Structure formats: structure tokens, C-alpha cells
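Single-structure report; data block below.
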Amino acid sequence: MQTRILLTVFGAVMAIGGSTAIAEFHASDLIYVPVVAHTAGANESVWRSDVMISNVEPEDLIDVAIVFLPSGLRNNSHLFSDRTGWVGGRESDNFGIIDERLADIPPGGSIVLEDIVEAYWPENSGVGGMGALVVFSYLADSLEDDGSREFRNMSVSSRTFNKGTLWEPDPDNEGEFLESEVTYGQMLTGVPWYNLADSAFVSEQGDFSYLVLDGAKETEEFRYNLGVVNTSDRQTTLIMKIEPIQPDGQPFLFESETPMSVTVTLPPLAHIQYFQIFSSVFQLNDVAQARFKVSIEQWSTTGTDPHPTFTAYGSLVDNGSNDPTTYSPTFEFPYNVDCMWPTDDGSGEPKVYGDLRRVLEMPETRR
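For the sequence shown, this note's numbering begins at 250 and goes up steadily by one.
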């Protein structure tokens, strides 16, 4: 067994404006949806998730396969031993669940999988009826028995929503109201494998081994949930550290004057969500503004080629309407622009790329 401790330095550095590549680059052949659900929540809410998948290839048809990682501190690696718990589009590929819409998705085409947890995994929906998804895409009918395939790209997003009631004035009867059903939902964009926080991605260019979540608060009006997914290989366990940070960049403190944090051990491919994390975990009430730092404190593996990675998410929910807002994670370092758009392609000819793509600046002051 390999064991490694990752040292992370807590600092009062605020996130640089804007996020990294996660804000724009979503296409991949391997995408994680951090959370989907079919579950009852606080204040009489009932949450459901729809998932949208698009073929972004210009010419090729694609097939898609999906596996659900039930929530809880469980080892989900057994789900990758065979395809029994997977949903795919072809019976010939021996998926346990078949939805023909997942086969032969045309170029530029898309599908919507409604209430996905209830539709495919009603008997195995995890703690609280939720979990994460791992989604694969490949050239149509190219999947072999050994799992090999021809990679092709897709984009994936999800909408998790709650049904509510809206009362509107009755135009025909003054002073009376009509009842109608509405939904309040939040969008989560699937996370490509290259946008995961990675314990190995620490260099002079930045520390991409941890994530920060903004928008955290817990008051009479709002509650905040926080989730983490172990996206590592099938043999790697993560010990995660979650730290609440005050608006001045300093940590919240226990009565002992030590910084507040909680650690949790996530077995391979495990998902966990903390409900109302301020009060349930840190016994903090009436938090008007905060953020969270989520990092790998330690990892261990029984494999020979470990890849310790994770992703996280935040969800701010209005206690009155149950209207949710997603807070996607961010790195605290900017994207390496020169790597993606170099200023020199080797020919000696200048290119209007790199930092020169930043075409707006702050205006001068008027005196």
C-alpha cells in the first residue's frame, strides 16, 4: 500500500476574479456529474435531477454509458467490475440497464434523461437518495468486451429541482388567487476529468490540489449544503479536509482558538453531502457570509499507479421557496493562458493570443 501526505498551506489569499478552465471547457469523453438526486429535503422539498447530454463531435455518432455512485462513505469501486449497474444504449454491450437513446446520438444531437435516479436506480439510490454520476462517451458501437473503445467528446449538465406552488391573482375574481405548480432548480455542469483537483498539480504555476467554494451562508433565510466526490482511481482512498473561512480571509475558530475544520475519509469513488454544514458540522449559526476550502489532507492506495483527484460543489437554498443556487468550485490560481494560446507558434510570427487576448482594461479616473 502506498501512502502519501499532501501538505496544504492555509492562507488568506482571496480567489482571483473568474475561475479556471472549468468556466469554459466542458467537452470530454469522461465527465463527472457531482450530484444527482431523487430525495426528500428540508422544508417539505422533494428533489429530482434531469441530465442533459450532447454530442459535440462534428461528424461522428456517439454512444454514452453511465454509472451511478450512491452517496455515503462506501467503496463504489465494485461498480466497475462489470456493467451490471450501468445504463447504456446497446444490449450487445451487456449493460444491466438499457436506454436506446444512449446509442447513436448524432453529431450536434442531445438527449434529456428525466429524473435519472428514479428512472434507473430506484433501489440503489444511496444515502439520502442521491449520489454522483460518471459518464463515458465513445464512437458509436466501438465498445469492446475488455472496455476498450474509440474516445469521442460530449458535454453533460444536470438540473436538480424541487416542485413548488405559485399563487397568482385571479384576473376574473378580484382579491382571489389561482394556484399553479412551478419548479425551482439549479444547474450543475459536468466536470471533465481534466478539471478535477489533483494532488499532483502543485508547481510554480499554482496549486491545483484544492478547491474553494464561495457563497456560503446559513441564516433563517438560507441554508448551505456542501458535497465532495472522490474521483480517483478504483484503489485510492482520500482523507479530505474542509475548512470554513470568514469574509476577512481568516479561519473560523473553535473555543480552543484553533482553526475550524473537519476531515472525512472517502473510500474509492465515494460521494458525500453535508446538509446545512455550518450548524450540523461546525455548530455555527447565523453565518451571513463565508467560503470553504476543500483539500486532500492525505491519501492511500493499494494500486501501483494512483491518481488522487476530487471535485466538490456548494448549494445555497432559500428556506422559504426552496429555490437553490449552485456554487461551482474554483481554483485560486488562473488558467495557464500561454499554454493553451501561445504567443509564439515557433515560426517567429507574432500571434494575438496569450495575455493579449485580454482586450479590456480599467479606465482612467476623471479629475
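We put the beta carbon where it would ideally sit given N, CA and C, even for glycine. Every value quoted in this text rests on a predicted model; they were computed, and no experiment measured them.
Would you report the Cα separation of residue i and residue j, rounded to the nearest angstrom?
| i | j | result |
| --- | --- | --- |
| leucine 382 | proline 420 | 45 Å |
| glutamate 349 | isoleucine 365 | 15 Å |
| proline 283 | tyrosine 459 | 16 Å |
| glutamate 399 | methionine 379 | 31 Å |
| threonine 480 | glycine 321 | 14 Å |
| tyrosine 433 | serine 407 | 13 Å |
| leucine 502 | proline 517 | 31 Å |
| glutamate 367 | alanine 446 | 30 Å |
| arginine 297 | tyrosine 584 | 33 Å |
| histidine 275 | serine 294 | 30 Å |
| valine 477 | valine 530 | 15 Å |
| glutamate 425 | glutamate 417 | 9 Å |
| isoleucine 361 | isoleucine 354 | Going by the sequence as given, residue 361 is valine instead of isoleucine. Answer to the nearest angstrom: the Cα atoms are 12 Å apart. |
| phenylalanine 344 | phenylalanine 457 | 35 Å |
Leaving out five residues before and five after residue i in sequence, what residues of the same chain have Cβ atoms less than 6 Å from its Cβ?
| i | result |
| --- | --- |
| valine 536 | Lys466, Glu467, Phe527 |
| isoleucine 280 | Val384, Val405, Gly439, Pro441 |
| glycine 455 | Phe582 |
| tyrosine 369 | Val336, Ile346 |
| isoleucine 271 | Confidence in isoleucine 271 is poor, its pLDDT being 41 and thus under 50, which makes the residue's placement too unreliable to answer from. |
| alanine 314 | Trp335, Gly337, Phe385 |
| asparagine 534 | Ser528 |
| threonine 514 | Ile488 |
| phenylalanine 524 | Asn474 |
Should residue i be labelled buried (16 or more other beta-carbon atoms within 10 Å of its own) or exposed?
| i | result |
| --- | --- |
| arginine 607 | With a pLDDT of 46 at arginine 607, under the threshold of 50, the modelled position of this residue cannot be trusted; read the value that follows with caution. It is exposed - the Cβ of arginine 607 has fewer than 16 other Cβ atoms within 10 Å. |
| proline 496 | exposed |
| aspartate 331 | exposed |
| histidine 287 | buried |
| histidine 520 | buried |
| glutamate 492 | buried |
| glutamine 621 | Residue 621 falls outside the range modelled here, since the chain spans only 250 to 616, and no answer is possible. |
| alanine 449 | exposed |
| tyrosine 443 | exposed |
| asparagine 325 | buried |
| alanine 289 | exposed |
| asparagine 474 | buried |
| alanine 291 | exposed |
| leucine 427 | exposed |
| threonine 486 | buried |
| serine 505 | exposed |
With a threshold of 8 Å between beta carbons, is residue i in contact with chain E?
| i | result |
| --- | --- |
| valine 305 | Although the question refers to chain E, the structure presented lacks it and comprises just one protein chain. |
From the DSSP output, in three-state form, read off residue i for me.
| i | result |
| --- | --- |
| histidine 287 | strand |
| glycine 377 | helix |
| leucine 392 | coil |
| alanine 368 | helix |
| aspartate 572 | coil |
| glutamate 546 | strand |
| asparagine 444 | helix |
| glutamate 428 | strand |
| arginine 350 | helix |
| methionine 417 | As written in the sequence, residue 417 is glutamate, which differs from the methionine given in the question. DSSP places glutamate 417 in strand when its eight states are reduced to three. |
| aspartate 342 | helix |
| phenylalanine 580 | coil |
| asparagine 402 | coil |
| aspartate 567 | strand |
| alanine 561 | strand |
| threonine 551 | coil |
| serine 397 | coil |
| glycine 337 | strand |
| phenylalanine 410 | strand |
| glycine 434 | strand |
Excluding sequence positions up to five away, which residues of its chain have a Cβ less than 8 Å from the Cβ of residue i?
| i | result |
| --- | --- |
| proline 356 | Asn304, Glu306, Pro307, Glu308, Asp309, Leu310 |
| threonine 512 | Ile488, Met489, Lys490, Ile491, Glu546 |
| glutamine 435 | Arg408, Thr409, Phe410, Ser564, Pro573, Thr574, Thr575 |
| serine 391 | Asp312, Arg398, Glu399 |
| serine 359 | Met301, Ile302, Ser303, Asn304 |
| asparagine 373 | Phe317, Pro319, Gly334 |
| threonine 560 | Tyr281, Pro283, Val440, Asn444, Leu445, Ala446, Leu460, Val477, Val478, Thr480, Pro578 |
Please return the same chain residues whose Cβ sits closer than 7 Å to the Cβ of residue i, not counting the five positions on each side in sequence.
| i | result |
| --- | --- |
| glutamate 430 | Lys412, Thr414 |
| serine 570 | Gly413, Tyr433 |
| serine 510 | Lys490, Ile491, Glu492 |
| phenylalanine 471 | Leu565, Val566, Asp567, Asn568 |
| tyrosine 387 | Asp278, Ile311, Asp312, Arg398, Glu399, Phe400, Arg401 |
| glutamate 363 | Asp299 |
Problem - alpha helix (DSSP H) segments (min. 4 residues) lying fully within the segment 455 to 541 - result: 526 to 531
Handout entry: Completely contained beta strand (DSSP E) runs for the segment 295 to 335, where each covers 3 or more residues
Key = 295 to 304, 311 to 319
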